[in-house]
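Input: a single structure, listed below in structure tokens.
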Amino acid sequence: MQSCKMLFNYAPPSLIKPVLHFTSSFAISPRAVPHPVNKIPLFHSLRISFRTFSAMSETNSASDSTPDHIYGTWYSVPGLRLRDHRFTVPLDYSIDGNATPKISVFAREVVSVCMLKFSFTCIFLWENLDILAASFNCKIDLWIRYPGVQQWKFLLLDAHEFLDIPVLLLPFHCLCSSSRTRCCVFFMQRGTGLSAPLTPSSMSQLNSAEEVAEYLKYFRADNIVNDAEFIRVCLVPEAGPWTVLGQSYGGFCSVTYLSFAPQGLKQVLLTGGIPPIGNGCTADSVYRACYAQVIHQNEKYYKRFPQDVEIVHEVVKYLAESEGGGVLLPSGGLLTPRGLQTLGLSGLGSSSGFERLHYMFERVWDPVIVPGFRKQISYYFLNAFENWLDFDTNPLYALLHESIYCQGDSSRWSAQRIRTENGSKFDAIRAVKEGRPVFFTGEMVFPWMFEEVHALRKFKDAADLLAEKKDWPPLYDIAVLNNNKVPVAAAVYYEDMYANFKLAMETASQIAGIRLWITNEYMHSGLRDGGGQVLDHLLGMLNGRKPLF
5 MQSCKMLFNY APPSLIKPVL HFTSSFAISP RAVPHPVNKI PLFHSLRISF RTFSAMSETN
65 SASDSTPDHI YGTWYSVPGL RLRDHRFTVP LDYSIDGNAT PKISVFAREV VSVCMLKFSF
125 TCIFLWENLD ILAASFNCKI DLWIRYPGVQ QWKFLLLDAH EFLDIPVLLL PFHCLCSSSR
185 TRCCVFFMQR GTGLSAPLTP SSMSQLNSAE EVAEYLKYFR ADNIVNDAEF IRVCLVPEAG
245 PWTVLGQSYG GFCSVTYLSF APQGLKQVLL TGGIPPIGNG CTADSVYRAC YAQVIHQNEK
305 YYKRFPQDVE IVHEVVKYLA ESEGGGVLLP SGGLLTPRGL QTLGLSGLGS SSGFERLHYM
365 FERVWDPVIV PGFRKQISYY FLNAFENWLD FDTNPLYALL HESIYCQGDS SRWSAQRIRT
425 ENGSKFDAIR AVKEGRPVFF TGEMVFPWMF EEVHALRKFK DAADLLAEKK DWPPLYDIAV
485 LNNNKVPVAA AVYYEDMYAN FKLAMETASQ IAGIRLWITN EYMHSGLRDG GGQVLDHLLG
545 MLNGRKPLF
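With the working numbering applied, the sequence shown corresponds to residues 5 to 553, in that order.
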């Protein structure tokens, strides 16, 4: 289909070669059952011979770069060798490459120093745990297992300096020893991190709401997968397939990958990221299911921290009674009772979220150091609130969130509409009057956020246009998924607040051959909290260490 045409029309001429040719010098092998020929995108030109590019070769230098692929020199951190890559790709893959604007996407290649002389396979990691990628500074745990040494080496690196991503737990010991992986590619999806980042300042170059909406339609999973295929052809020797690890929204992208470019995949690992794949817009069914789980998470939170019921009541009353119905935030936005409830987005769905939310409320009030002075919300709390949401640097999440559920239909602000179906359960002011806990909301974006969040105000009209847009192209092909031949293993978290368990199971029933690990040991943050165990389990399901029965 035209909207899903893959990148091969745009591959650099110097990289063109038949995709199914493999050599024995690398530990890469084609699948035993090839995909139908009509599903394999073909190159349009064989004019220039293929230049073999080894992702592991230390001899490649920046001078070998092409106009469409520029890569830097290798550099080191303890135990690792790294190299940065920038690719010039079409904004719109559905039209001729010369007729569409180009954007730059970024990937970082990571190799364990102990593996440099070995043959290798390549694993591709969607850069972010969610679409809020590259937006705050935290830590990454990298584990490396050296061949023949029965001990773990723990390396703690700063994410901002190392990969410029929020959190990605990469257990190298698991990847290297279990899957013979020698190279990992961290991909920053278009619109985030270093890949044509869409920020309030960069989008100010677009002159109208219509231009913003038109531009953003090219930043969904279909084109993200096209970018991944472009990178694969450039990086993997002989353009062989690679293994993909998709966490959260990366899992959504991986299922799109399975639908439209399965020939590029050797294996797929999904963690907390099996999407709903029905036609039309599935947002309503997603939010109906997710609101129920959000209520459950709220009940668990207040059971753990019952003292917070009264603290949150006090804050809601303070905000409601303030001039304008809220308190000014450091950025110039407004914190209102309904805005306060959005803390559940980060606070209710991860293993440490409850504690972080509780400790945040511990410091909600400034001390009264002058007798008789009115109590006020602390700057610490207001600043922490904005840092949690992070829309000031990444408006893309708010603008495109509901569109990830749309194929040929509009979302029409689904989260807001379904919220009203829950009556007063999420009415903060009424909850205070009735003496019941104030429920936080989950992974939902509401239209009023484009009035109260300072960084989003300029995009209100564009957000409305995107919410009403109906002609979203397909993201999944159920027929292809029903006949899937790519080995797939997925961790499905029973109490996942973001990727609903019931909806995930419905989709899994449509992906032929998928193997599921269903657990309540981890929340949505399982890859971050126990990456070694999670990946070891999934890889064991694919390599035979964990039998089918």
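Positions of the beta carbon are idealized from the N, C-alpha and C atoms, including for glycine.
For this session: Please name the residue in F264, Y222, G343 and F234 whose C-alpha comes closest to that of L485.
Result: Start at 1 with the first residue of the sequence shown, and residue 485 comes out as number 481. Ranking the options by Cα distance to L485, first place goes to F264.
For this session: Look at the alpha carbon of P279 and the alpha carbon of A503, and state the distance between them as a whole number of angstroms.
Result: The count along the sequence shown starts at 1 and reaches residue 279 at position 275. The count along the sequence shown starts at 1 and reaches residue 503 at position 499. C-alpha separation (whole angstroms): 7 Å.
Exercise. Beta strand (DSSP E) containing S116: first to last residue?
Worked result: What you label residue 116 is simply residue 112 of the sequence shown in a count that begins at 1. Its beta strand (DSSP E) spans residues K106 to S116.
Problem set entry | Cα-Cα separation, N398 to S116 | Here residue 398 corresponds to residue number 394 of the sequence shown, with the count starting at 1. Here residue 116 corresponds to residue number 112 of the sequence shown, with the count starting at 1. Distance between the alpha carbons of N398 and S116 is about 31 Å.
Problem set entry | Contact check, I408 vs A225, beta carbons under 8 Å | Against the sequence shown, residue 408 aligns to sequence position 404. Against the sequence shown, residue 225 aligns to sequence position 221. Cβ atoms of I408 and A225: closer than 8 Å.
Exercise. Taking only runs of the alpha helix (DSSP H) that begin and end inside the stretch 375 to 422, which ones reach a length of at least 4 residues, in chain order?
Worked result: 383 to 393 and 400 to 404
For this session: Run the CB neighbour count on Y526, radius 10 Å, all protein chains shown included, and call it buried at 16 or more, exposed below.
Result: The residue labelled residue 526 in the question sits at position 522 within the sequence shown. Under a 10 Å Cβ-count criterion, Y526 is classified as buried, with 16 or more other Cβ atoms of the shown protein chains found around its own Cβ.
Problem set entry | Bounding residues of the beta strand (DSSP E) (the contiguous stretch that carries L269) | Against the sequence shown, residue 269 aligns to sequence position 265. Element bounds for L269: L269 to T275.
Exercise. In whole angstroms, what separates the C-alpha of I299 from that of Q537?
Worked result: Taking the first residue of the sequence shown as position 1, residue 299 is located at position 295. Taking the first residue of the sequence shown as position 1, residue 537 is located at position 533. Cα-Cα distance, rounded: 29 Å.
Problem set entry | A217 versus L470 - alpha carbon distance | The residue you call residue 217 lines up with position 213 of the sequence shown. The residue you call residue 470 lines up with position 466 of the sequence shown. Just so you know, the alpha carbons of A217 and L470 end up roughly 6 Å apart.
Exercise. In angstroms, rounded to a whole number, what distance separates the CA positions of I422 and A296?
Worked result: Translated into positions along the sequence shown, residue 422 becomes position 418. Translated into positions along the sequence shown, residue 296 becomes position 292. Their Cα atoms are separated by approximately 11 Å.
Exercise. Straight-line CA distance for Q345 to V442?
Worked result: Residue numbering aside, residue 345 sits at position 341 when the sequence shown is read from its first letter. Residue numbering aside, residue 442 sits at position 438 when the sequence shown is read from its first letter. Near 8 Å, if we compare the C-alpha coordinates of V442 and Q345.
Exercise. In angstroms, rounded to a whole number, what distance separates the CA positions of K489 and G535?
Worked result: Within the sequence shown, numbered from 1, the residue matching residue 489 stands at position 485. Within the sequence shown, numbered from 1, the residue matching residue 535 stands at position 531. Using only the alpha carbons, I get a separation of about 26 Å.
Problem set entry | R519 - containing beta strand (DSSP E), residue span | In the sequence shown, residue 519 corresponds to position 515, counting from 1. From DSSP, the beta strand (DSSP E) with R519 extends over R519 to T523.
Problem set entry | One or two residues paired with Q251 in a DSSP bridge | Against the sequence shown, residue 251 aligns to sequence position 247. BP columns for Q251 point to T275.
Exercise. Is DSSP giving Q537 helix, strand or coil here?
Worked result: Locating residue 537 in the sequence shown gives position 533, counting from the first residue. Collapsing the DSSP output to three states places Q537 in a helix.
For this session: Would you kindly check if the distance between the Cβ of G276 and the Cβ of G255 is under 8 Å?
Result: Counted from its first residue, the sequence shown places residue 255 at position 251. Counted from its first residue, the sequence shown places residue 276 at position 272. A contact, by the Cβ cut-off of 8 Å.
For this session: List the whole-angstrom C-beta distance separating L269 from V248, where the pair is believed to meet the contact cut-off of C-beta under 8 Å.
Result: Mapped onto the sequence shown, residue 269 falls at position 265. Mapped onto the sequence shown, residue 248 falls at position 244. Indeed they touch by this definition, with Cβ atoms about 6 Å apart.
Exercise. In chain order, what residues of the same chain have a beta carbon less than 7 Å from the beta carbon of A324, not counting five sequence neighbours either side?
Worked result: As a working mapping, residue 324 is identified with position 320 in the sequence shown. In its chain, beyond the 5 residues on either side, P341 and I433 have a beta carbon closer than 7 Å to the beta carbon of A324.
For this session: Give the straight-line distance between the Cα atoms of W417 and A293, rounded to the nearest whole angstrom.
Result: Locating residue 417 in the sequence shown gives position 413, where the first residue counts as 1. Locating residue 293 in the sequence shown gives position 289, where the first residue counts as 1. In a straight line, the C-alpha of W417 is about 16 Å away from that of A293.
Exercise. Whose CA, out of S382, E303 and R378, lies closest to the CA of G353?
Worked result: Within the sequence shown, the letter at position 349 stands for residue 353. Nearest C-alpha to G353: E303.
For this session: Rounded to whole angstroms, what's the CA-CA distance from T203 to G548? Just pull it up for me.
Result: By 1-based counting over the sequence shown, the position of residue 203 is 199. By 1-based counting over the sequence shown, the position of residue 548 is 544. C-alpha separation (whole angstroms): 45 Å.
Exercise. For L338, which residues of its own chain have a beta-carbon under 6 Å away from its beta-carbon, when the five flanking residues on both sides are left out?
Worked result: On the sequence shown, position 334 is the one that residue 338 refers to. Cβ within range, chain order: G330 and E456.
Exercise. Quick one: complete alpha helix (DSSP H) runs, 4+ long, within the stretch 442 to 517?
Worked result: 453 to 456, 464 to 472, 482 to 486 and 505 to 512
Problem set entry | Option in R532, V93, M545 and E406 with minimal Cα separation from V229 | Locating residue 229 in the sequence shown gives position 225, counting from the first residue. Here the closest residue by C-alpha is V93.
Exercise. Y480 and V259 look like a contact to me (Cβ under 8 Å); what is the Cβ gap, rounded to whole Å?
Worked result: Residue mapping note: residue 480 aligns to position 476 of the sequence shown, counting from 1. Residue mapping note: residue 259 aligns to position 255 of the sequence shown, counting from 1. Yes, Y480 and V259 are in contact; Cβ-Cβ is about 6 Å, under 8 Å.
Exercise. What's the C-alpha gap between K106 and L198?
Worked result: For the purposes of this step, residue 106 is taken as the residue at position 102 of the sequence shown. For the purposes of this step, residue 198 is taken as the residue at position 194 of the sequence shown. Approximately 15 Å, taken between the alpha carbons.
Problem set entry | Beta-carbon gap between S356 and A459 smaller than 8 Å | Residue 356 sits at position 352 when you count from the first residue of the sequence shown. Residue 459 sits at position 455 when you count from the first residue of the sequence shown. Against a cut-off of 8 Å, the Cβ pair of A459 and S356 comes out as no contact.
For this session: Whole angstroms is fine: what's the gap from S531's alpha carbon to L349's?
Result: Position 527 of the sequence shown, counting from 1, holds the residue named residue 531. Position 345 of the sequence shown, counting from 1, holds the residue named residue 349. Just to set this straight, residue 531 is Leu in the shown sequence, not Ser. For L531 and L349, the distance between alpha carbons rounds to 18 Å.
Exercise. Where does the unbroken alpha helix (DSSP H) through I228 begin, and where does it stop?
Worked result: By 1-based counting over the sequence shown, the position of residue 228 is 224. A225 to L239 is the span of the alpha helix (DSSP H), which, as asked, contains I228.
Exercise. Among all the DSSP beta bridges, which residues are the ones paired with R85?
Worked result: Start at 1 with the first residue of the sequence shown, and residue 85 comes out as number 81. The partner list for R85 (beta bridge, DSSP) reads S80 and V115.
For this session: Please classify I518: is it buried, with 16 or more other beta-carbons within 10 angstroms of its beta-carbon, or exposed?
Result: Locating residue 518 in the sequence shown gives position 514, where the first residue counts as 1. By the 10 Å Cβ count, I518 comes out buried.
Exercise. Would you say C257 and C410 are within 8 Å of each other, going by their C-beta atoms?
Worked result: As a position in the sequence shown, residue 257 is number 253, starting the count at 1. As a position in the sequence shown, residue 410 is number 406, starting the count at 1. Cβ atoms of C257 and C410: not closer than 8 Å.
Exercise. So is D475 buried or exposed if we call it buried at 16+ other beta carbons inside 10 Å?
Worked result: Translated into the one-based positions of the sequence shown, residue 475 becomes position 471. By the 10 Å Cβ count, D475 comes out exposed.
For this session: Kindly indicate the opening and closing residues of the alpha helix (DSSP H) around H300.
Result: Counting from one through the sequence shown, the residue named residue 300 turns up at place 296. It spans A287 to R308 - the alpha helix (DSSP H) in which H300 sits, taken as one unbroken run.
For this session: Let me know if M207 comes out buried or exposed under the rule of 16 or more other beta-carbons within 10 Å of its beta-carbon.
Result: Counting from 1 along the sequence shown, the entry for residue 207 is found at position 203. Label assigned to M207: buried.
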